[in-house]
Structures are given as C-alpha cells and as structure tokens.
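Participant: Mind having a look at this structure? Questions to follow.
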Amino acid sequence: MLGPIGKTHGIDPKRRQDIKILYGEPQPGLANLLRACLKREGFTDIVSFTTFPPLLKALREFNADILIADSAMPGGDTLELIRDIREGRLGHNPFLPTIMTAWNPSLAFTAAVSGSGCDDLLVKPTSPDQILERISVLVYQRKPFIVTGDYIGPERHPDDEPGAQRVAVPNTLKAKVDGQPTRSAAMDDAFEGALRTVNEQRLRSQGDSIMRLVREILPSYISGRATPSTERAMERLLARADDAHDRLAGTAYAPIGDLCVTLREVARAILRAHPEPTRKDLDILPRLAEAIVIGFSDAREAEAIGGQISSSVGSYLGDRTAQAG
1182 MLGPIGKTHG IDPKRRQDIK ILYGEPQPGL ANLLRACLKR EGFTDIVSFT TFPPLLKALR
1242 EFNADILIAD SAMPGGDTLE LIRDIREGRL GHNPFLPTIM TAWNPSLAFT AAVSGSGCDD
1302 LLVKPTSPDQ ILERISVLVY QRKPFIVTGD YIGPERHPDD EPGAQRVAVP NTLKAKVDGQ
1362 PTRSAAMDDA FEGALRTVNE QRLRSQGDSI MRLVREILPS YISGRATPST ERAMERLLAR
1422 ADDAHDRLAG TAYAPIGDLC VTLREVARAI LRAHPEPTRK DLDILPRLAE AIVIGFSDAR
1482 EAEAIGGQIS SSVGSYLGDR TAQAG
C-alpha cells in the first residue's frame, strides 16, 4: 500500500484530481492496474489507451498535463510522437511533460529516447510509486529546455551544448499542483514568450546547420563524386530550410523568408538532378547559406541582408524560370 502522495511526493492531494494524464500501455492488465492505483491516490482524470491511433487523437484534442506512454504502442512510433510534440507538429503544448516506459531498453534505445526530447524513461516493470516519484520530479525539478538544429527538449546533461540557451518552459502540471490557473493571461504570455525564444534559438541553430551541410555537400557534387550519403545530406538541408521557413512568422527574422524559400527551391532542384546538378545551383547554394547565417545571427541585419541578396536571387530565379520555359 502506498503512503499518501502529499507526504511522500510533495503533491497536495487536493490538486491531484485536476491533473489530466494521458496513459498509453499496450497490455490491458498493466494499464488497468496502474490506472486503478493512480485513481486510488486521487488522480482521477486519466485517459488510457492500449493502441497508438486513439492516443494520437487524444493528444490532438485534449489539453493534457502529462503523457505517460509505452515505447511499443501498437500502430505507431512513440519516439516519433514525442519528437512531433516537441517540434510543435502535434498537440497544443510542445512543452508537455512526458515519460516513456520500456522493457529492457538497450543503450542505443535509451539514447534515442533522450534524443526525442522525452523528459524521462522508466524501465518496466514499473510500480505506481515510481510513476508518482517521476511525476513529482517533473513538477518540482523539471530541467530547462535547450534548442539546437535537430533537438528541442529538456537539457540532457549540464555539459551538453554549452552555447545553447536554457529556456524555462511553461509547465501546466506544476501550475495545477500549485493551484494556479492554466488558462489565464499570465500563462498565455508564458507560452508565447517560451515559443518565441524556442523559435529564435532554433532559427539561429538552423543557420549554422545549413552552413555545415552546404560545406559537407558541395565538394562531393563539384568533384563529381556525389554518393547516396551526399543525397541524404541534401535531404537534411531541405528539411532545415523547411523548418526555418515555417518558424519565421512573427519573428525579427521574417525578412530572411525569401532566402529560405529560394534555398528550398535550389535544394529540391539539386535533389531532382542528383548526382549531377547544374553548376548554377551549386554556385548559389553557399551564397544563400552565408546570407541566412548572417541574418539569423543578428536580427538587426536580417532586413539588410535580405535586401542585399534579393536582386541576385531574383536574377537567379528569372534565369531558372526562363530555362524551364
């Protein structure tokens, strides 16, 4: 029998019923056991799932406070689900606290969970008390988020990404435990500020990633030795350009938008012509990357950089359209 959570885990028993938990567990027996234990301890707002599709639907429809999901939910990829949450592609809250459970996870899988942006991994079999302890950690000791070109999520280690800004993200789980309203002007402002910080940090990181990929790609194409690895790097470059473009609205970097659009067009043209793209596409690629890096490194330069390169980009696009015609 568990001791009272309010004493052992620091969560006021009166607040537990306000916390909305989405719980994915493919084994009905385990799901029913843990759900019953949590409800006995006062966590009455639990929606559980044994397969992936209804869990995905619930994330789109509900404003959950925490997600607890098994790594092997039938019908989908839980790791990809966590990444989609963190990237803002799924659900209402990219900062949703998350716990993943798994049987005998390998070191490689543990690293993949960390790389997805998940807050925590619990090795099964898990006890209700373990779940409660981890929920308490996410309330009172949640790690700040870091943002890089390919990661958004809790700080994985204090020494990781020393140059990356740490972001204290909104936490509706803690707000409910503290008895604070989760739908208020203050919470809305907190979300807006965190999203703006995350977007701007990602844009700066994407600029650096774009330049690194261009430097990796160009020698192979120019020397006529492009490989499938070169093509995959080109696909990553296109994904970076897509992500950067999608995050520009409402930021100080909006004038870089045309450059990102052009970069996407050039990347797609190179991929279509792989392994022998035109020299004109290869020549403009580093110029675009350099302009994007400069624009993202200093918002005050974004408009100037966008204007400086617009004429040459316009000429390039005009030539490309004429050639296509």
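The sequence shown begins at 1182 in the working numbering and counts up by one.
Just so you know, even glycine gets a beta-carbon here, dropped at the ideal spot from N, CA and C.
Between Ile1227, Pro1234, Thr1231, which has its C-alpha nearest Asp1246's C-alpha?
Facilitator: When only C-alpha atoms are compared, the closest one is Ile1227.
Participant: Leaving aside the five residues before and after Gly1257 along the sequence, list all residues of the same chain whose C-beta is less than 6 Å from its C-beta, in chain order.
Facilitator: Excluding sequence neighbours, Gly1257 sits near Phe1233.
Participant: Hey, could you find the ends of the beta strand (DSSP E) Tyr1204 is sitting in?
Facilitator: Here the beta strand (DSSP E) through Tyr1204 covers 1202-1205.
Participant: Look at the alpha carbon of Val1358 and the alpha carbon of Ser1317, and state the distance between them as a whole number of angstroms.
Facilitator: So the alpha carbons of these two residues sit roughly 10 Å apart.
Participant: Do you know offhand how far Val1328's Cα is from Val1379's?
Facilitator: Going by the C-alpha atoms only, they are around 7 Å apart.
Participant: Within 10 angstroms of the Cβ of Asp1199, are there 16 or more other Cβ atoms? Answer buried if so, exposed if not.
Facilitator: Its Cβ being crowded by 16 or more others within 10 Å, Asp1199 is buried.
Participant: What is the DSSP secondary structure of Ala1217, counted as helix, strand or coil?
Facilitator: Ala1217 falls in the helix class under three-state DSSP.
Participant: With DSSP run on the structure shown, which of helix, strand or coil describes Ile1192?
Facilitator: Looking at Ile1192 - three-state DSSP - the assignment turns out to be coil, as it is neither helix nor strand.
Participant: Where DSSP assigns a beta bridge to Gly1210, which residues make up the other side?
Facilitator: Note: Gly1210 sits in no beta bridge, so no partner.
Participant: Who are the Cβ neighbours of Arg1264 in its own chain at under 7 Å, not counting the five residues just before and after it?
Facilitator: These residues qualify, in order along the chain: Ser1297, Gly1298.
Participant: Let me check one thing: in DSSP terms, what residues is Lys1305 bridge-paired to?
Facilitator: Trp1284.
Participant: Say whether the region 1306-1320 touches the region 1287-1294, bearing in mind that this needs 3 or more beta-carbon pairs closer than 8 Å, one atom from each stretch.
Facilitator: Verdict: no, contact absent.
Participant: Whole angstroms is fine: what's the gap from Leu1394's alpha carbon to Ala1435's?
Facilitator: Each residue's Cα considered, the two are about 22 Å apart.
Participant: Taking Arg1241 as the reference, which of Gly1272, Gly1431, Ile1391 has the closest Cα?
Facilitator: With distances taken between Cα atoms, Arg1241 lies closest to Gly1272.
Participant: Name the two residues that bound the continuous alpha helix (DSSP H) containing Ser1410.
Facilitator: Residues 1409-1427.
Participant: Given that a residue counts as buried once 16 or more other Cβ atoms are within 10 Å of its Cβ, and exposed if not, what is Pro1275?
Facilitator: Classification of Pro1275: buried, given that the 10 Å Cβ count is 16 or more.
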